[in-house]
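S.K.: Numbering (this note's numbering), first residue to last: 19 to 304. This structure is in C-alpha cells; I'll ask about it shortly.
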Amino acid sequence: MNLKVFLSGLSVSFIFGLSFLFTKNSIEHIPVYTFLSYRFFIASLVMVGLSVIGVIKLGKKPYWKLWQVAVFQPILYFIFETNGLKYTKSSEAGMLIAMIPIIVMILSPIFLKEKIRWYQLVFAFMSFLGVVLIVGVENSGGALVGKLLVLGAVFSAAFYNISSRKLAQEFKPEEITFFMMVTGFAFFTILSLLTKQFVINISSPVLIGALYLGILSSTVAFFLVNYMLSKVSPTISSLFSNLTTIVSVLAGSIIRNEVIRPIQIVGMILILFALFGNSYLKQKGF
Numbered sequence: 019m020n021l022k023v024f025l026s027g028l029s030v031s032f033i034f035g036l037s038f039l040f041t042k043n044s045i046e047h048i049p050v051y052t053f054l055s056y057r058f059f060i061a062s063l064v065m066v067g068l069s070v071i072g073v074i075k076l077g078k079k080p081y082w083k084l085w086q087v088a089v090f091q092p093i094l095y096f097i098f099e100t101n102g103l104k105y106t107k108s109s110e111a112g113m114l115i116a117m118i119p120i121i122v123m124i125l126s127p128i129f130l131k132e133k134i135r136w137y138q139l140v141f142a143f144m145s146f147l148g149v150v151l152i153v154g155v156e157n158s159g160g161a162l163v164g165k166l167l168v169l170g171a172v173f174s175a176a177f178y179n180i181s182s183r184k185l186a187q188e189f190k191p192e193e194i195t196f197f198m199m200v201t202g203f204a205f206f207t208i209l210s211l212l213t214k215q216f217v218i219n220i221s222s223p224v225l226i227g228a229l230y231l232g233i234l235s236s237t238v239a240f241f242l243v244n245y246m247l248s249k250v251s252p253t254i255s256s257l258f259s260n261l262t263t264i265v266s267v268l269a270g271s272i273i274r275n276e277v278i279r280p281i282q283i284v285g286m287i288l289i290l291f292a293l294f295g296n297s298y299l300k301q302k303g304f
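Encoded structure:
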C-alpha cells in the first residue's frame, strides 16, 4: 500500500469520525431539519460547482431510478442519525455506526443472494454482542431512544449500500452522490418549512458544522474514498472506515468531555475485532 492511499484512508477516517461531533454541536443551536437543509445546500453547491468546471460529468440517464437509493440515504439515514444525536453521545453514535458493514453482510444474502461463510456468522454475533454492551450501558429512556434512532440510521445505511450496489452498473458513483445531495437539500428544506422549523441562523457553530459536513464529509471524503478504491481492493479500504469509530470516540471524549465507560470500550473492541477479523480471513481466501 503506497503512502497516498494510506494518507487518504486516514483522512477519510478523520473526516467521518468528526462528523458526529460537528452535527451534535450544530443541532444544539438550530432545528434538526433546518440544519440538514443547510448541509445539503452547501453540498449541492459544491457538486454543481464541480459539474460546471468539468470535474464531475453527468450523462443523460434515467436518474429517477435513484429514488430507491435516496430514500435510505440521505433521507431516512439523516432523519434517524441527526435526531438520535440529540439524545445520545457522539461517541456512542460512532460506535453504533460501526455496525453498518456487519448489517450489510447479514442483509446481502437476502437481497443480493450473496453467500456467507461460517466465520462471517461468528463475527456477526460478536458485533451484535458488542452493540448489546454499548446500548445496554444506560437505562434512561432518553438515552435508549437516542441509541435506537442511531440504530435506525445503521439499517438505513445498510439498505442504502444494497440499493446502491444494485444500481452501480448503471450509474457512476458521482452521479449517485449528486442525486443524493440535491434530493437531500430539496427534501429537508421542504420538511423544515412544513414543520415550521425553518429559521435563518448563521451563528458560528451552525455555519462551521454545515461547511464541514457539506464540503468535507459529503464531497472531499467521497473523492478520497473513490481514489482509494481505484488503488486497492474494498477489503483493504474498508479497514480504514473502522478507524472512524476510534476518531469519533476520542473526539467525543476529548472535545465534549463525554465519559466512556469500560464496558463500552469492551463493546467497541468486539465490533472492531469482528470487522478486522472478517476482512483478514476474507483476504486470506477463507
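The C-beta atom is built at its ideal place from N, Cα and C for all residues, glycine as well.
Please state the DSSP three-state secondary structure of Pro-49.
M.R.: Pro-49: coil per DSSP, three-state reduction.
S.K.: Let's test the definition: count the other Cβ atoms within 10 Å of the Cβ of Gly-303 and tell me whether it reaches 16, buried, or not, exposed.
M.R.: Exposed is the call here.
S.K.: Quick one: what's got a C-beta closer than 6 Å to Val-224's C-beta in the same chain, skipping five residues either side?
M.R.: Answer for Val-224: Ser-44, His-47 and Ile-48, listed in chain order.
S.K.: Leaving aside the five residues before and after Ile-60 along the sequence, list all residues of the same chain whose C-beta is less than 7 Å from its C-beta, in chain order.
M.R.: Same-chain partners within the cutoff: Ala-228, Leu-229, Gly-232 and Ile-233.
S.K.: Would you kindly work out how many angstroms separate the C-alpha atoms of Tyr-51 and Ile-115, rounded to a whole number?
M.R.: Going by the C-alpha atoms only, they are around 21 Å apart.
S.K.: For the stretch 110–186, which segments carrying the alpha helix (DSSP H) assignment without a break, of at least 4 residues, lie completely within its bounds, in sequence order?
M.R.: Counting only runs of 4 or more, we get 118–129, 136–153 and 159–185.
S.K.: Figure out for me which residue from Val-140, Leu-130 and Val-73 has the closest Cα to the Cα of Phe-294.
M.R.: With distances taken between Cα atoms, Phe-294 lies closest to Val-140.
S.K.: I need the boundaries of the alpha helix (DSSP H) containing Tyr-95, first residue and last residue.
M.R.: Counting along the chain, the alpha helix (DSSP H) containing Tyr-95 begins and ends at 95–102.
S.K.: Less than 7 Å between the beta carbons of Ser-313 and Leu-261, yes or no?
M.R.: Any property of residue 313 remains undetermined from this structure, which presents the chain solely from 19 to 304.
S.K.: Which term fits Tyr-298, buried or exposed, when burial requires 16 or more other beta carbons within 10 angstroms of its beta carbon?
M.R.: Exposed: under 16 other Cβ atoms inside 10 Å.
S.K.: Mark Phe-240 as exposed unless 16 or more other C-beta atoms lie within 10 angstroms of its C-beta, in which case mark it buried.
M.R.: It counts as buried.
S.K.: Quick check on the DSSP output: the alpha helix (DSSP H) that includes Lys-42 runs from which residue to which?
M.R.: 21–44 is the span of the alpha helix (DSSP H), which, as asked, contains Lys-42.
S.K.: Using the Cα positions of Trp-85 and Thr-106, report the straight-line distance between them to the nearest angstrom.
M.R.: In a straight line, the C-alpha of Trp-85 is about 30 Å away from that of Thr-106.
S.K.: Using the beta-carbon count (16 or more within 10 Å), is Leu-212 buried or exposed?
M.R.: Exposed.
S.K.: Under DSSP, the alpha helix (DSSP H) around Ser-221 begins and ends at which residues?
M.R.: Segment: none, Ser-221 is in no alpha helix (DSSP H) and carries neither H nor E.
S.K.: To the nearest angstrom, report how far apart Ser-182 and Lys-22 are at their CA atoms.
M.R.: Roughly 27 Å between the two C-alpha positions.
S.K.: Taking three-plus beta-carbon pairs below 8 Å as touching, is the stretch 63–75 in contact with the stretch 116–123?
M.R.: The answer is no - the stretch 116–123 does not touch the stretch 63–75, with fewer than three Cβ pairs under 8 Å.
S.K.: Compare the Cα-Cα distances from Ile-218 to each of Leu-39, Phe-96 and Ser-55 and report the closest residue.
M.R.: The shortest C-alpha separation from Ile-218 is found at Ser-55.
S.K.: What whole-angstrom Cβ distance do Phe-292 and Gly-35 have, given they're in contact under 8 Å?
M.R.: In the sequence under discussion, the amino acid at residue 292 is Ala, which differs from the Phe named in the question. That belief does not hold up - the Cβ atoms of Ala-292 and Gly-35 are roughly 19 Å apart, past 8 Å.
S.K.: Report the residue ranges of all alpha helix (DSSP H) runs contained in full by the stretch 268–294; include only those spanning at least 4 residues, in chain order.
M.R.: Runs found: none.
S.K.: Quick one: Cα of Ile-264 to Cα of Gln-187, how far?
M.R.: Rounded to whole angstroms, Ile-264 to Gln-187 spans 33 Å at the Cα level.
S.K.: Report yes if the C-beta distance between Ala-88 and Met-199 is below 7 Å; otherwise report no.
M.R.: No, Cβ-Cβ distance for Ala-88 and Met-199 is not below 7 Å.
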